[in-house]
Structure formats: structure tokens, C-alpha cells
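Working notes, structure below.
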Amino acid sequence: MAASAEGALRAQADQWLLWDKNPKTSEIVKQLVENGNTEELQQCFGSRMEFGTAGLRAAMGAGTSRMNDLTIIQTTQGFCRYLEKSFSDLKKKGVVIGYDARAHPSSGGSSKRFARLAATTFISQGVPVYLFSSITPTPFVPYTVTHLKLSAGIMITASHNPKQDNGYKVYWENGSQIIEPHDKGIAHAVEENLEPWPQAWDDSLVDKSSLLHDPYSSINKDYFKDIQKHCFHSNSKIVASQEENWNINKETKLKFVHTSVHGVGHEFVQSAFKAFGFSPPFAVPEQKEPDPEFPTVKYPNPEEGKGVLTLSFALAEKEGARIILANDPDADRLAVAEKQQSGEWKVFSGNELGALLGWWIFTCWKNQNQDPGAIKDIYMLSSTVSSKILRAIALKEGFHFEETLTGFKWMGNRAKQLMDQGKTVLFAFEEAIGYMCSPVVLDKDGVSAAVITAEMSSFLATKNVSLSQQLKNIYNEYGYHVTKASYFICYDQKIIKELFEKLRNYDGKSTYPKTCGRFSVSGVRDLTTGYDSNQSDKKAVLPTSTSSQMITFTFNNGCVATMRTSGTEPKIKYYAELCAPPGNSDFEKLKKELDELVSAVEKYFFEPEKNNLQSKPE
């Protein structure tokens, strides 16, 4: 390393030591400086965590590139100044702060500690803070923003990331995650407010201030009342009355297993079941208490499939339960598995559960609303990499379907726009097992999704129909939508950039591939550059972003495949779907065609051997 770069690193470390009052992180930096460990100093101080539209997410530890007391203080100071500029009534309205159960003893960091420091920052500036007194699911924060009409919300969580990570997720006054230009505005304000303010480290302020409020018990009550209202459907065709619906839930012979995968979800899903008249689900005992070590799983992410559900399967077999509901650690996502007649367990993909919940929520709405004109104001949303099954249902049934960019920040903001225009947004989903089943939360919510799935399953059970059979019924009625998604792991940003640039200059400059193996490409949309071959002016309709990679290929056989980078993990993801019109029910033939196309995309577009990409671990 050049002497000048080494000197700059050393200066950053010295500055850090002047500001950092956490004994553990300051000791780590002190040791690195004394030992002249430039490699580790480079990792700690070589970059500052980028404030993106997901807020912050990084490993906990010392330095500007990690989540720690000082970076939380700096981030919150910038966010506070940005909010002061944006809202003249900030000191009247205030902000809400929630946190999960993550902790990192070696650096002294934890979600609760970070939440208290963030609260201290706001209170020191005279801003009211609604700080939850205990762990909560992520959806409680956006719910509280809209329910209490606050200026903003912060959730300290890294969701299903590895145990060493933490995050800082930000919601705007509309109850949705922030989108541009707020991310850049906040990032700029953070850079201008790096030095801790005089009372920044004095978190005893929080305990004695009249500006501090604890929304825990009131939100716990109001949230369940609100989802109850949205999810009890009363009409003769589906359910004769609310009371009968309650009775179906109360008397169901179906048994459910729930796991919160060492996260926050356990007591909240128990409460949701109670609100819907169900007996409580069986909770996986080894995983029901929050544990930041996530000791029983390799990855605390139910999206990874059967590996995370091993203990759930064992409990379900023991108790005779047919349905498993699994939340990720911050309870904003939901995975569902069902025991088949063969004795095997089927884990539904995010797209399959999206189809089931979309069908159920629309059917319940339709049976409550006999006015044929009402449907013109009904909307459903999904992200552009998710299955188009809702579009097929919308075309046949007459409601509106819209797709957005990837991520609930886009769906939440679009849903709010539509609601402000007097429209009803019944449902939104993304294939990454995220579902918005009630517009009281303008983000994905694994708690309401869990109990609504239980209600749907119980109703279907009265007709002797399983979730798998109903999924088949949906595909028979609206057309088969066969999907396949996976990812490659790549830690080298240069390789990722080169891979996508090669696709943009495939047969010479500015030419995209015309074929992929035996499959012909009929259209290309590039949301990094804004190009779309299917538009007359060649410009993409959806917003573009140069900071992330995303290219969608349409093939002559009707298949659509998207390749994109992840905003929070070192992954290049792909999503492929083959949509068939109603009546084409040869599922195996469609699946074989899709499998062959996906293999070709992996081989010719990803080139895993040449680019040294790691396959998704089994």
C-alpha cells in the first residue's frame, strides 16, 4: 500500500478514536493501529457504508464500513437534519424506532443498543420518539408511522442476513420505505454531520425525557384489530358470516406448525392466530425464543427451502400437522410447506404462495362486493421479477394489475399513490416470499400473511381441497405459470460488471444476445441503461437505476428471464417464467422447456466456470 494511502487510513483511524466512546470498538481500532495492521484497517475504514434505498446493511464491528455505535449516531444525525429540512412539524409528529434481537458481543453492538442511540439523537434535538420497549416484527414500524401519523420510522434489523450483520431500515411519512431522492439526500446529510453532537453518547436522556413514548402495548392491540378487520370475510358464497368464518377457524381439524427461526415472530403469530379464532399453532421449541446466534440453522432464511425447516418437519410429523408456516427472523417474510398425500413435504415458492394468496384475497373481496362497477377501482401489484399470475387473474376477472421495480419500497409507494387516488390495493407480493395482504402495512408482512394463509387453508379443508390442489385449480383456470429462480455468489464487483457489460456488447458494441443456446431472444429490457427493444422509442417504461444491474430477456417460446444483482447480498440472481394460456395443462412439458432454457442461461449468459461464480449452496 502506498505511503499516502496508509497515512490517510491512519488519519481516519485517529479521527475515529477521538469520536468513538464504545470501549470495545475503540480498543479494536487502537490494536490495529498499534500493530500496523493496514489490511484490517483498510477493511474497517476503506469505505463508508452506503446509505441506499434499503437504508444500511453491513457486518457489525469497528470502522466506517461496519454497523456500530458511532456509525449509528452519524447516520441518525444526518437523518434527523434531513427530516428537519423536509418537515416543519417534525417536532410535533416525531419518529418511531423498532429493533430485532440481533447482537454482536465482541463489538458491543446490538439492535437494542443501536435503537437507543438513535432515539438519543432525536430526543437531544427535541424530536418526540416512539421507541418500542421490546423486540417487534419489522412491519410494526411502517404500521406505526401511518397509524400514529408520524414523520418517519427506523427499524434496526438485518432481516435474514448472516448473524454478524445488522441494518438500519428507513420509512418515510407515507409508511413506505424511502425511495429516490431521499436516499441520496440522507446520505449527503450524514456526510455533513459526522462529528457526534454533544449529547450523542448520553443514552440516559432516553429514560428521563418526556419526549419518549412506548407504543408497544397500543400498537400490539391496534395492529391485530386492523388485520382482523381486513381478513375476516363475510358473505354467503365463501363464508356465510363473520361468526361462521370464526367458527371455521375455531373448529378446523387442520393443525399448524410455526417457526420464527430464532427471530421475533413467535408471540406475534400466536396473537394473530388468537385474533382469528384459531387454536395456537405448534411452535418449534428449539427456535421460538429469539437467539442472535441462530444456532440450529446454517442460514436464518426460510427462502433457502427445506434445510431451514428440518425441525419444523419433525414437529409436524410428531403432532400430525399438515401445514408449516415459517417466518424469517424479523417476521416480514413467510414460507409455507404442506404435507402431500405421498407423505412428502412441498415447500411453496414465493410465486406459488403469491398465486394462492392473490386468488384467496380477490375471491373474498368479490364475494363481499356484489356491485359490478366496484372492480374498476381494485388493484394488485407485484415486482417485475415475480410471476405474472396476478396479471392473468386480473385479465380474466377485470381488476387492475401493475408491476413495479424489484423490492417492496416500490410496491409500497405505488400502493400509497393509488390509495390516495381513492383506489383499493387488495394485495401485493414479490417472489422473495414477501406479501402485503392488508394495506394497513405498506410493506411486506409475514405476521398477517401467516394467519391469512391459515384461514385460507382452513376454508379449503372444509371442501377437502389442499393448498397444492387449489394451486393446480388456479393454474387450470388462469393458465400455468411455471417459474424457476436461483442465484450465483460472487464477491468481486469487477467480475459482475464485466459479466453484464458482455451481455450489452455481445456481438459487437451495443448489441444484446440474439440467441441463448437453441432459444431465440425476441426482446431485451435493460433497467440499468434504460433500453427496451419492445418500446417504439426503445426507452424502458419502468424507472432505471445505474447503481444496480438488471437485464430482462424475452424468448420466442414465451419465456421471460431476468438477471439482476442483489442490493444487500453478494449475489447475482436470476428469475425465469414460462406462461401458458388457460387450457395448456401439460405441466411436465412446460417445466422441461423452462429447465432447458434456465440451463442455457446459466451456461451462456452467466458462464460460471469462466467467471468463477459459486452456485447456490444446497
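Numbering-wise (our numbering), the sequence shown opens with residue 956 and increments by one.
Heads up, the beta-carbon is just placed ideally off N, CA and C, and yes, glycines get one too.
All values derive from a computational prediction rather than experimental measurement.
According to DSSP, residues forming a beta bridge with residue i
i, result
"F1510", "V1476"
"Y1529", "S1441, M1518"
"A1058", "S1065"
"N1460", "T1466"
"G1108", "V1051, Y1126"
"L1373", "None; L1373 has no bridge partner."
"A1292", "I1279, V1302"
"R1012", "G1122"
"Q1132", "Y1126"
"A1238", "H1213"
"S1172", "Note: S1172 sits in no beta bridge, so no partner."
"Q1569", "I1444"
"H1602", "The requested residue 1602 does not occur in the structure, where the chain is confined to residues 956 to 1573."
"Y1486", "D1481, K1494"
"M926", "With the chain covering 956 to 1573 only, the question about residue 926 has no answer from this structure."
As assigned by DSSP and simplified to three states, the class of residue i
i, result
"H1217", "coil"
"D1481", "strand"
"T993", "helix"
"C1471", "strand"
"N1322", "helix"
"N1121", "strand"
"Y1254", "coil"
"L1167", "strand"
"S1412", "helix"
"E1358", "strand"
"V1224", "helix"
"G1081", "coil"
"S1491", "coil"
"L1397", "coil"
"Y1178", "helix"
"G1007", "strand"
"K1192", "The pLDDT assigned to K1192 is 34, lower than 50, so where the model puts this residue is not dependable, and the model offers no usable value."
"F1560", "helix"
Where the beta strand (DSSP E) containing residue i begins and where it ends
i, result
"W1591", "Any property of residue 1591 remains undetermined from this structure, which presents the chain solely from 956 to 1573."
"I1333", "1333 to 1338"
"A1535", "No beta strand (DSSP E) contains A1535, which DSSP labels as neither H nor E."
"F1384", "1379 to 1385"
"Y1390", "1389 to 1391"
Euclidean distance between Cα positions of residue i and residue j
i, j, result
"K1544", "H1221", "41 Å"
"K1184", "V1406", "13 Å"
"S1393", "A1404", "9 Å"
"S1554", "H1355", "34 Å"
"Q1154", "T1026", "15 Å"
"E1532", "L1289", "21 Å"
"S1500", "Y1461", "21 Å"
"E1557", "E1564", "10 Å"
"E1293", "V1212", "10 Å"
"T1523", "S959", "32 Å"
"S1020", "S1570", "27 Å"
"A966", "N1148", "18 Å"
"M1411", "M1391", "15 Å"
"Q1323", "F1382", "16 Å"
"H1188", "N1512", "Confidence at H1188 is low in this model, with a pLDDT of 44, below 50, so its placement is unreliable and no value can be given for it."
"Q1119", "M1022", "10 Å"
"G1367", "L1497", "15 Å"
"E1386", "R1068", "33 Å"
"N1282", "A1370", "24 Å"
"T1438", "K1464", "32 Å"
"E1258", "G991", "42 Å"
Cβ-Cβ separation, residue j to residue i (assumed contact under 8 Å), whole Å
i, j, result
"G1313", "M1335", "6 Å"
"Y1126", "I1090", "About 18 Å; that fails the 8 Å criterion."
"V1216", "P1284", "6 Å"
"L1264", "F1443", "Not a contact, Cβ separation roughly 24 Å."
"W974", "E1150", "7 Å"
"I1451", "I1527", "6 Å"
"I1344", "Y1433", "7 Å"
"K979", "S1061", "7 Å"
"D1332", "F1363", "That pair is no contact at about 22 Å."
Opening and closing residue of the alpha helix (DSSP H) in which residue i lies
i, result
"R1036", "1024 to 1041"
"R1346", "1344 to 1352"
"H1102", "1095 to 1102"
"H1137", "1137 to 1146"
"I1090", "First-last for I1090: undefined, no H or E at that position."
"T1265", "1265 to 1274"
"A1555", "1542 to 1555"
Beta carbon proximity, residue i to chain C, threshold 9 Å
i, result
"I1203", "Absent from the structure: chain C. Only one protein chain is present."
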